[in-house]
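One structure is given below, encoded as structure tokens.
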Amino acid sequence: MVSPPISCLYACLLLNPDLAKISQLLVIQTCLQEFIGPSPTVLLEPFSNWQDLVTYDHVFVTKPRTAEEIQRTVSAASTCGLQVRAVGSAHTADQVFGGRGRVHINMSELALGGGKRVIMQPEIAGKRVASVKVTAGVTQAELNNELAKYGFVFHPGPLIGEATIGGAVATSAHNGFYHEPSIGGYMTRVKLVDGRGNIREFNQNSDANMMKALRCHLGLLGILFEIELEVIQQVAVNFQQVFTPLRNLFSPTFLRDLILENEFVDMFYAPYNSLTEKETKEVTLTGRVPKSWDSGNDLVLIRIINQTSAKRNFEDERPPSVPQITYNKAAFEAQLSYPVSVVKNLTDVLFLNILGIPAVDSMEYVMVDPNFTNGAAAMQVRYTVFQ
Ligand SMILES: Cc1cc2nc3c(=O)[nH]c(=O)nc-3n(C[C@H](O)[C@H](O)[C@H](O)COP(=O)(O)OP(=O)(O)OC[C@H]3O[C@@H](n4cnc5c(N)ncnc54)[C@H](O)[C@@H]3O)c2cc1C
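Heads up, the sequence shown is in my numbering, so the first residue is 43 and it goes up one at a time.
Quick look at the structure:
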């Protein structure tokens with residue numbers, strides 16, 4: 043890193059990123075660039091996550107292409123006393139991106155050695171499973187497209203192909219496979235840049251505790267740049283998409299059996315889809331949903347994946363047409379056109395098209411256990427039981 047000019051050290055010392063004026067942020071931008079050297083470039087940009095629930099008018103952004111460029115960014119931010127966060131595809135709905143005037147390391151341009159973003163690991167004699175080395179900024183869809191060429195698939199991540207592996211590991215994202223761990227459970231080796239700008243490497247054999255922590259770190263344990271993951275052989279599966287009344291889901295045994303008896307289950311609900319024509323007219327006239335509407339009659343889409351040898355029969359109660367007033371009508375219409383049952387490669391049924399998913403309007407939390415005492419105690423019990 044370049045020796046910091048004294049004027050920049052003062053500017054950083056006096057900076058309050060939450061309150062700084064744009065003129066001050068522009069000075070800090072110049073200073074960060076001085077600290078970093080010619081690359082990567084420091085940008086000053088607005089930030090918003092996918093849902094627009096987290097927005098900052100200004101953050102400093104770098105787009106490193108190598109681990110060394112990440113190190114330079116982290117060291118520069120540290121010299122200036124600024125918090126640094128990696129940003130994947132910003133699909134997390136919560137405040138996990140540092141804040142206004144902080145440094146964002148955008149992972150989209152990062153590559154492994156030789157410019158590649160995904161490298162199949164050679165099969166080594168005696169090795170139980172196949173694995174792949176990826177840059178943390180690779181998206182799940184990108185990874186699976188690449189793996190499909192070699193006859194492999196990475197299945198445990200979230201339902202959207204846009205999430206990056208680094209981002210999904212950080213939030214412990216998972217798919218609807220009941221018997222699978224979250225995505226980090228498949229991580230066997232990690233390289234990251236720590237808060238001092240040093241490169242650290244951890245692997246499953248010698249750093250088991252650290253690897254556990256890295257399975258849900260919310261971006262607080264460094265900037266992951268290289269991740270090794272176990273992958274599985276491509277497999278043909280039965281993919282079933284059936285509709286059932288919401289009422290059925292009120293029964294705990296229905297849900298329990300559905301989840302335990304199938305390898306993968308998830309559900310989508312477009313509310314108000316059972317409104318009658320008369321009720322629909324009333325909504326149009328009054329703007330209110332009439333009391334006669336019964337949410338239990340609304341239909342829920344259940345998506346189920348099983349091995350081809352375990353195809354199960356489900357009653358499909360899809361209606362012939364969509365009522366006029368349906369929350370997210372376009373998505374419900376699209377769902378009605380899905381085939382009830384198809385055999386496909388696992389890769390081809392893993393992700394949903396994000397365009398069909400409505401953005402979140404608002405979020406509300408009820409913290410029943412605000413200091414996590416009961417939750418921690420419960421986990422302690424589980425931990426003891428499984429020791
Ligand atoms: C429509 C939709 C559907 C979803 N479906 C599911 C689902 O089925 N299952 C599920 O579990 N989740 C689901 N999610 C949530 C999503 O999987 C997570 O929010 C995931 O973290 C998004 O990945 P990202 O690349 O956008 O990460 P970001 O949102 O960019 O980042 C998330 C966190 O990870 C940190 N981070 C990112 N990259 C790195 C890195 N390289 N090193 C260190 N820290 C890093 C960031 O600082 C941040 O704190 C869904 C989200 C949306 C919008």
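For each residue, glycine too, the CB sits at the ideal point set by N, CA and C.
None of the values given here were measured: they were computed from a predicted structure.
Own chain partners of residue i with C-beta closer than 7 Å, once the 5 adjacent residues on each side are dropped
i, result
"Ala-255", "Leu-263"
"Ala-118", "Met-43, Leu-74, Phe-77 and Ile-78"
"Asn-245", "Thr-230 and Arg-231"
"Thr-322", "Pro-365, Gln-366 and Ile-367"
"Asn-186", "Val-195, Phe-196, Thr-389 and Leu-392"
"Thr-72", "none"
"Phe-374", "Ala-312, Asn-315, Val-364 and Thr-368"
"Arg-170", "none"
Rounded C-alpha distance that separates residue i from residue j
i, j, result
"Lys-191", "Leu-67", "46 Å"
"Val-116", "Glu-110", "10 Å"
"Asn-304", "Gln-275", "20 Å"
"Val-180", "Pro-332", "47 Å"
"Asp-99", "Glu-87", "7 Å"
"Phe-267", "Cys-54", "27 Å"
"Gly-130", "Ala-372", "28 Å"
"Ile-346", "Phe-281", "6 Å"
"Asp-94", "Thr-104", "21 Å"
"Arg-289", "Val-279", "28 Å"
"Gln-125", "Ser-150", "20 Å"
"Ile-64", "Leu-57", "11 Å"
"Ser-120", "Leu-85", "17 Å"
"Thr-415", "Phe-102", "37 Å"
"Phe-428", "Gly-140", "No answer about Phe-428 holds up, because its pLDDT of 39 lies below 50 and its placement is not dependable."
"Gly-329", "Glu-357", "34 Å"
"Ser-293", "Pro-287", "11 Å"
"Met-253", "Glu-243", "10 Å"
"Tyr-425", "Leu-297", "Note that Tyr-425 has pLDDT 43, beneath the 50 cutoff, so the model's placement of it is unreliable and the number below is only indicative. Answer to the nearest angstrom: the Cα atoms are 26 Å apart."
"Ser-81", "Val-174", "29 Å"
"Val-235", "Phe-89", "23 Å"
Contact check, residue i vs residue j, beta carbons under 8 Å
i, j, result
"Val-277", "Tyr-311", "no"
"Ile-269", "Val-176", "yes"
"Val-211", "Arg-257", "yes"
"Ala-132", "Asn-91", "yes"
"Glu-204", "Ala-172", "no"
"Val-138", "Gly-237", "no"
"Ile-265", "Ala-135", "no"
"Tyr-228", "Glu-272", "yes"
"Leu-394", "Ile-202", "yes"
According to DSSP, residues forming a beta bridge with residue i
i, result
"Asn-245", "Arg-231"
"Ala-62", "Answer is none; Ala-62 lacks a bridge partner."
"Gln-182", "BP columns for Gln-182 are empty, so no partner."
"Asp-308", "Arg-345"
"Lys-386", "Val-279"
"Val-160", "Val-176"
"Ile-265", "Val-235"
"Val-195", "Ile-274"
"Tyr-98", "Phe-89"
"Pro-80", "Answer by DSSP bridge pairing: none, since Pro-80 is not bridged."
"His-146", "Val-103 and Arg-127"
"Phe-219", "Phe-306"
Residue from the options whose Cα sits closest to the Cα of residue i
i, options, result
"Pro-106", "Val-160, Ile-78 and Ile-147", "Ile-147"
"Lys-320", "Lys-353, Thr-177 and Trp-335", "Trp-335"
"Gly-338", "Leu-302, Val-307, Lys-353 and Phe-285", "Phe-285"
"Leu-378", "Gln-163, Pro-362 and Asn-91", "Pro-362"
"Gly-155", "Thr-108, Asn-187 and Arg-238", "Thr-108"
"Ser-351", "Asn-217, Ile-367 and Val-385", "Val-385"
"Ile-241", "Ile-112, Thr-322 and Glu-324", "Ile-112"
"Val-325", "Phe-296, Asp-358, Phe-306 and Pro-365", "Pro-365"
"Glu-359", "Ser-316, Leu-394, Ile-399 and Asn-387", "Ser-316"
"Tyr-52", "Cys-122, Thr-295 and Phe-219", "Cys-122"
"Tyr-220", "Leu-302, Asn-187, Thr-318 and Tyr-369", "Leu-302"
"Thr-97", "Leu-85, Thr-83, Thr-415 and Arg-142", "Arg-142"
"Glu-222", "Phe-306, Val-174 and Lys-233", "Phe-306"
"Leu-300", "Leu-85, Arg-354, Cys-50 and Thr-206", "Arg-354"
"Gly-193", "Val-235, Met-162, Ile-202 and Gly-208", "Met-162"
"Cys-50", "Pro-59, Asp-60 and Ile-70", "Ile-70"
Own chain residues within Cβ distance below 6 Å of residue i, not counting five before or after
i, result
"Tyr-380", "Gln-283"
"Pro-200", "Ala-210 and Ala-215"
"Arg-159", "Ala-153, Thr-177 and Val-180"
"Gly-239", "Gln-113, Val-116 and Ser-117"
"Glu-188", "Val-160"
"Pro-433", "Residue 433 falls outside the range modelled here, since the chain spans only 43 to 429, and no answer is possible."
Same chain, Cβ closer than 8 Å to residue i, neighbours up to 5 away in sequence not counted
i, result
"Met-309", "Leu-291, Val-342, Leu-343, Ile-344 and Arg-345"
"Ser-224", "Pro-198, Ser-214, Ala-215, His-216, Arg-257 and Cys-258"
"Asp-60", "Gly-141, Arg-142 and Gly-143"
Below-8 Å beta-carbon distance, residue i vs any chain B residue
i, result
"Asn-247", "The chain inventory of the structure shown lacks chain B, comprising one protein chain alone."
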